[in-house]
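Protein chains in written order, with this note's numbering: chain Z, 1 to 137; chain C, 1001 to 1668.
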Amino acid sequence: MTDHHSEDIAHRVEGGDVAPGDVIHGEFTAGWRTYVLGLAIAIGLTIASFWVAQTHLIYGPAIDMALATLAVAQMGIHLIFFLHITTGPDNTNNVLALAFGILVVFLVIFGSIWIMIHMNQSMMPPTGMPAPQSGGM
Amino acid sequence: MKLLGKLDWSAIPFDQPIPLAAGALVIVVILGVVALIFAKGWAPYIWNEWICSVDHKRIGVMYCSLAMVMLVRGFIDALMMRTQQSVAFHSGGYLPPEHYDQIFSAHGTIMIFFVAMPFVIGLMNFVVPLQLGVRDVAFPTLNSVALWLTAAGVLLVNMSLVVGEFSRVGWLPYPPLSELTYSPGVGVDYYCWALEISGIGTLAGGINLVTTILKMRAPGLSYTRMPIFCWTALASNLMIIAAFPVLTATLAMLLLDRYLGFHFFTNTMGGNQMMFMNLIWIWGHPEVYILVLPAFGVYSEVVSTFSGKPLFGYRSMIVATMAICIISFLVWLHHFFTMGPGGDVNGVFGIASMIIAVPTGVKIFNWLFTMYGGTVRFRVPMLWSIAFMITFVIGGMTGVMLAIPPADFILHNNLFLVAHFHNVIIPGVLFAAFAGYVYWFPKAFGFKLDEGWGKAAFWFWVIGFYLAFMPLYVMGLEGMPRRMQSYDVPQWQPWAHVATVGALSIMCGIACMVIQLVVSIRNREQLRDDYGDPWDGRTLEWITPSPPPEFNFAVMPNVTGEEAYWGLKEAAREQQRITRPVPEYEDLEMPRNSPTGFVCAFFAVMMGFALIWHIWWLLVLGFIGAYATLVVFAWRDLHERIIPKEEVARIDLENRARRNLALQEGRV
Ligand code: HEM
Ligand SMILES: [Cu+2]
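Right under this line is the structure:
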């Protein structure tokens, strides 16, 4: 996977298609510096989320939101600095793969929430009220 | 503290003759084979050329062999269930409930995870790089790790036959039954750890094949020229990457419940069992398409080859494949309509489920139109394909019936459902595996399989299938629940007898396949495929000799259109010789074989066993071993082996000569 691999890479770069992790000269994400920078930001965000969870500076009910925002930022950092997703034309495959991944995650999370809410409605009709219509099967 | 954790002599089922005898037999057979290997001096060859091999072709062959062996195991379980249900009217039959429950759980688990999966993955491993015109997969050593981790899972599941017990809670461990409170034994742990380990292998294999397909195609082989099997492999492996982590995480949560007192799915402390059903089916439904899409790919190749025509509607086939790839993540709830999500939710998922039938229907019509107007040759792979088309449509229609929520309220959890999923998975996956096995066997080994025994196997299997599973529809409509160890309804028994006859016919089919293999090896000289294209194929794998050299292609083929190989063959036929000029050969670098995969799997088994039996020092030992393997591999100095150009030239020129001869004699 080394020598003939790098030849392959050269060949593929001509073809306009680059695998994640293939280092291309002069590209923004190349070199160890960006890894260090990425690591630093990632650690920073991690510390920030621990801080957010404990602080009283943020309005209590908003803490969840703040944590979610930090988590999304964390993912973004990983994608850019470690997985080298860029918007360059040589990155179509990666962007498409990412889009597929996001679609699936979206379906799974919101699908599950939707399903579980309805399931809970059928499970526990609130006392004193008629059971909700949609859960009445 | 006990040195061996929960393990002691009571784990060995001395009082149960069936598993004990079966286990003893298996151990004797394995020891016999090992002894034979050493006695004949084959051990170095097996170790160096197979166990340590990182060649995608050998890995593919090993995956398929593993699947075939496990098919026999899974089928023996099935036969036991069938005979039990034949005799268990008004009586306990011969299998006590706790044993019967282990059998259907093991049958389902083995058939899905260790027969269907490795068979399909094996075919993809073998075929995809050849069809793409490349020399290996993207990560050859990872490929070997993936294979051996699957084998590790197989070993753990089979170990449970003699050491302890297997899960009794079905092929998916639904809580709360699978929680520690109701399943205190090691069965569920065996199940979970076996699947956690082999699941990592599957995921690694998926990443490997996706990378290979996206990044390593022969020059000119653009996406819209890729053989349809590669497209289905791409879709299937993308789905593996998206879905298998969900399985791993869900089982991990169950394990946390069982080992560390968490409450993800328990009855108490805010646990929610329904979340388990939700999560497991987010993996489970895509899983069936992970299996069936590559199978559709096999059928596409076979139907087009044996009809002597390009595949009808190639592009619509791609669209249908990718549509299924996405829609299959939208339907998982149809596996728990009855759990009470309510009319709205059920309606949405019911309709989404029915919509999947559309791209599937497109595919069926494409195959039919490929045959239409072609000169169809009824060779064994084609027979499997035709049987598939007819049978799968029946299974698909009962599937649409089950996708109607009100109907599902009556039919779920009874034998109608069991009939339905066997009706799609056996023709949909197993028949394709058999078709692919016969179709690509000559490519792998250089000689064809015997036609007569192949046809015999085919007829026994197909007739056996109908006899074994059509009665289950009736029994289901008569209200027989699934997983019945005994019953008191007289109407069911005659149908159970018919189903047993069917299973016996399938048994004959399996026997024919074994005989076919033996006979073919004996007659291999007559069955020899001397120039590499026994079926008049259309895709790049048939340009290589059979078996292909380690490096597959001496020079990368240059692809200029759809059906890369067919165009070249037409030209060669006209001139009665190979039209490509003799290339300038170069030294080739191939990845070195490595024991990494096998050693990793060894430590994985060690860790799995330690976790199942709570032997913590063994767990630490296994972890250290696995980590050390990683370090050794990561710090290796030699990655590759050079095949000198003289060697490449010698092999390739010899193959060219053989093919030229065949062309001159008009045999191609
Ligand atoms: C080769 C012939 C086969 C026969 C005769 C057979 C027979 C059976 C029987 C009798 C059951 C139990 C039904 C019940 O619950 O009462 C069963 C369950 C099952 N079978 Fe098969 N089977 C075969 C092949 C397969 C294959 C190829 C697969 C999958 C690739 C498969 C997957 C399953 C699964 C998942 C279950 C459900 C297990 C459970 O209830 O947890 N079977 N089969
Ligand atoms: Cu499904």
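In this text, a Cβ means the ideal position worked out from N, Cα and C, and glycines have one as well.
Checklist entry - Are the region 1561-1573 of chain C and the region 1529-1540 of chain C touching, with three or more C-beta to C-beta distances below 8 Å? => result With the cut-off at 8 Å, the region 1561-1573 of chain C and the region 1529-1540 of chain C touch.
Checklist entry - Under the three-state reduction of DSSP, which class applies to Arg-1058 of chain C: helix, strand or coil? => result In the structure shown, Arg-1058 of chain C sits in a helix (DSSP, three-state: H, G or I).
Checklist entry - Since Ala-1432 of chain C and Val-1298 of chain C are thought to touch, with beta carbons under 8 Å apart, how far apart are those beta carbons, to the nearest angstrom? => result Between the beta-carbon of Ala-1432 of chain C and that of Val-1298 of chain C there is about 4 Å, and that keeps the pair under the 8 Å contact cut.
Checklist entry - What is the DSSP secondary structure of Leu-1504 of chain C, reduced to helix, strand or coil? => result The answer is helix: DSSP assigns Leu-1504 of chain C an H, G or I state.
Next on the checklist: Can you tell me whether Leu-1195 of chain C is buried or exposed? The criterion is at least 16 other CB atoms within 10 Å of its CB, across all chains shown.
Outcome noted: Looking at its Cβ environment, which holds 16 or more other Cβ atoms inside 10 Å, Leu-1195 of chain C is buried.
Item to check | Per DSSP, cross-strand counterpart(s) of Tyr-1487 of chain C | outcome: C:Phe-1089.
Next on the checklist: With a threshold of 9 Å between beta-carbons, can Leu-107 of chain Z be considered close to chain C, or not?
Outcome noted: At least one beta carbon of chain C lies nearer than 9 Å to the beta carbon of Leu-107 of chain Z.
Item to check | C-beta atoms of Val-1462 of chain C and Thr-1391 of chain C nearer than 9 Å | outcome: Result yes, Cβ atoms of Val-1462 of chain C and Thr-1391 of chain C sit closer than 9 Å.
Item to check | Stretch pair the region 1180-1191 of chain C + the region 1274-1286 of chain C: three plus CB contacts closer than 8 Å | outcome: Cβ pair count under 8 Å is below three, so no.
Checklist entry - List, in order along the chain, the chain C residues whose C-beta lies closer than 8 Å to that of Phe-112 of chain Z? => result Reading off the sequence shown, one finds Ser at residue 112 of chain Z, where the question assumed Phe. For a Cβ distance threshold of 8 Å, residue set Met-1275, Asn-1278, Leu-1279 and Ile-1282 of chain C lies close to Ser-112 of chain Z, ordered along the chain.
Item to check | Top-ranked residue by Cα proximity to Val-1210 of chain C, from C:Ile-1200, C:Thr-1224 and C:Asn-1237 | outcome: Out of C:Ile-1200, C:Thr-1224 and C:Asn-1237, C:Asn-1237 has the C-alpha closest to the C-alpha of Val-1210 of chain C.
Item to check | DSSP three-state assignment for Leu-83 of chain Z, whether helix, strand or coil | outcome: DSSP, reduced to helix, strand and coil, places Leu-83 of chain Z outside both helices and strands of the structure shown, so it counts as coil.
Next on the checklist: Could you compute how far the alpha carbon of Asp-22 of chain Z sits from the alpha carbon of Trp-1535 of chain C?
Outcome noted: Note that Asp-22 of chain Z has pLDDT 49, beneath the 50 cutoff, so the model's placement of it is unreliable and the number below is only indicative. Each residue's Cα considered, the two are about 40 Å apart.
Next on the checklist: My assumption, with CB atoms under 8 Å, is that Phe-1603 of chain C sits in contact with Thr-1629 of chain C. Please give the rounded CB distance.
Outcome noted: The beta-carbon distance between Phe-1603 of chain C and Thr-1629 of chain C, rounded to whole angstroms, is 7 Å. This is short enough to meet the 8 Å contact definition.
Checklist entry - What is the DSSP secondary structure of Arg-1135 of chain C, reduced to helix, strand or coil? => result In the structure shown, Arg-1135 of chain C falls within a coil segment according to DSSP collapsed to helix, strand and coil.
Next on the checklist: Tell me which residues share the same chain as Ile-954 of chain C and place their Cβ nearer than 6 Å to its Cβ, disregarding the 5 neighbours each side in the sequence.
Outcome noted: What is shown of chain C runs 1001 to 1668, which leaves residue 954 of chain C out entirely.
Item to check | contact_flag[the region 1001-1019 of chain C, the region 1357-1372 of chain C] where n(CB pairs < 8 Å) is 3 or more | outcome: Counting Cβ pairs under 8 Å, fewer than three are found: no touch.
Item to check | Glu-1665 of chain C (DSSP reduced to helix, strand or coil) | outcome: Reduced to three states, the DSSP call for Glu-1665 of chain C is coil.
Item to check | Expected contact under 8 Å - CB spacing of Leu-942 of chain C and His-1422 of chain C to nearest Å | outcome: Look at the range of chain C in this structure, 1001 to 1668, and you will see that residue 942 of chain C is not part of it.
Next on the checklist: Could you tell me the alpha carbon to alpha carbon distance between Ile-1018 of chain C and Asn-1158 of chain C, rounded to whole angstroms?
Outcome noted: Straight-line spacing of the CA atoms in Ile-1018 of chain C and Asn-1158 of chain C works out to 14 Å.
Checklist entry - Which two residues bound the contiguous beta strand (DSSP E) that contains Leu-1588 of chain C? => result Start and end: 1588-1591.
Checklist entry - When Cβ atoms are compared, which residues of the region 1344-1364 of chain C fall closer than 8 Å to chain Z? => result Listed in sequence order: Asp-1344, Val-1345 and Asn-1346.
Item to check | the region 30-59 of chain Z: positions lying closer than 9 Å to chain C by Cβ | outcome: Identification of residues in the region 30-59 of chain Z having a C-beta nearer than 9 Å to some C-beta of chain C yields an empty set.
Checklist entry - Applying a beta-carbon distance threshold of less than 7 Å, which residues of chain Z neighbour Leu-1214 of chain C? => result At a C-beta separation below 7 Å, Leu-1214 of chain C has these neighbours in chain Z: Asn-93.
Checklist entry - Are the C-beta atoms of His-118 of chain Z and some chain C residue less than 9 Å apart? => result Yes, His-118 of chain Z lies at the interface with chain C (some Cβ there is under 9 Å from its Cβ).
Item to check | Sub-9 Å separation of Leu-1293 of chain C and Ala-1249 of chain C beta-carbons | outcome: For Leu-1293 of chain C and Ala-1249 of chain C, no; Cβs fall outside 9 Å.
Next on the checklist: Please report the distance separating the alpha-carbon of Thr-29 of chain Z from that of Val-95 of chain Z.
Outcome noted: Caution is warranted here: a pLDDT of 49 is assigned to Thr-29 of chain Z, below 50, making its placement in the model unreliable, and the coordinate value is therefore given only provisionally. Taking the straight line joining both Cα atoms gives about 16 Å.
Next on the checklist: Counting C-beta neighbours from all protein chains within 10 Å, is the total for Phe-1409 of chain C 16 or more, i.e. buried, or is it exposed?
Outcome noted: An exposed status is given to Phe-1409 of chain C, since fewer than 16 other beta-carbon atoms sit within 10 Å of its beta-carbon.
Checklist entry - Should the region 1313-1320 of chain C be called in touch with the region 1331-1338 of chain C, which here means at least 3 C-beta pairs below 8 Å? => result With the cut-off at 8 Å, the region 1313-1320 of chain C and the region 1331-1338 of chain C do not touch.
Checklist entry - CB-CB under 7 Å to Leu-45 of chain Z, same chain, minus the five flanking residues each way: which ones, in chain order? => result The answer, listed in chain order, is Leu-70, Ala-73, Gln-74 and Ile-77.
Next on the checklist: Residues of chain C with CB closer than 8 Å to the CB of Ile-115 of chain Z, please, in chain order.
Outcome noted: Simply Asn-1278, Leu-1333, Pro-1341 and Val-1345.
Checklist entry - Considering only C-alpha positions, which residue in the set C:Gly-1340, C:Met-1274, C:Ser-1328 and C:Phe-1365 is nearest to Gly-1313 of chain C? => result C:Phe-1365 is the residue among C:Gly-1340, C:Met-1274, C:Ser-1328 and C:Phe-1365 whose C-alpha sits nearest the C-alpha of Gly-1313 of chain C.
Checklist entry - Looking at Gly-1597 of chain C and Asn-1048 of chain C, is the spacing between their C-beta atoms short of 9 Å? => result Contact flag unset, no.
Next on the checklist: I'd like to know if Met-75 of chain Z contacts chain C, where contact means its C-beta is closer than 9 Å to some C-beta of that chain.
Outcome noted: Chain C, which has no Cβ nearer than 9 Å to the Cβ of Met-75 of chain Z, makes this no.
Next on the checklist: Which of the three DSSP states is assigned to Gly-21 of chain Z in this structure?
Outcome noted: Summary for Gly-21 of chain Z: the model assigns pLDDT 44, below 50, so the residue's position carries little reliability, and this model does not support an answer.
Checklist entry - Where DSSP assigns a beta bridge to Arg-1641 of chain C, which residues make up the other side? => result In the DSSP secondary-structure assignment, Arg-1641 of chain C is bridged to C:Met-1590.
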